[in-house]
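Residue numbers (the working numbering): 6 to 64.
By construction, the Cβ of each residue, glycine as well, lies at the ideal position given by its N, Cα and C atoms.
As C-alpha cells, this is what we get:
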C-alpha cells in the first residue's frame, strides 16, 4: 500500500482508466487482484473496490 500511495502511476501497478468510465481507474496488485479507485481532488485517492480480476465486470 505504501508504494501505491507514494506513486500510484508506478509501472508495476499497470494503472489505467476503466473503459466507459469517466473518472474510475484500475490498478493491478498482481495478475489477478485489482483495485478500482478515483481521484478526489489533487491528493486524495478513494478506493471503490478490491478483488479478483472479475470485479472489472461490475464497472
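Who pairs with residue i in a beta bridge, going by DSSP?
i          : result
residue 41 : 31 and 54
residue 49 : 45
So, using beta-carbon positions, are residue i and residue j closer together than 9 Å?
i          : j          : result
residue 34 : residue 60 : no
Let me confirm a value: residue i is counted as buried when at least 16 other C-beta atoms fall within 10 Å, else exposed. Which label applies?
i          : result
residue 17 : exposed
residue 11 : exposed
residue 31 : buried
residue 39 : buried
Please work out which residues of its chain come closer than 6 Å, Cβ to Cβ, to residue i, disregarding the five sequence neighbours upstream and downstream, and give them in chain order.
i          : result
residue 22 : 30
residue 55 : 40
Beta-carbon within less than 7 Å of residue i's beta-carbon, same chain only, minus the 5 sequence neighbours each way: which residues are those?
i          : result
residue 51 : 42, 43 and 45
residue 57 : 37 and 38
residue 14 : 20
Is residue i close to chain D? Criterion is C-beta to C-beta, closer than 9 Å.
i          : result
residue 56 : Going by chain labels, chain D is absent from the structure shown, which holds only one protein chain.
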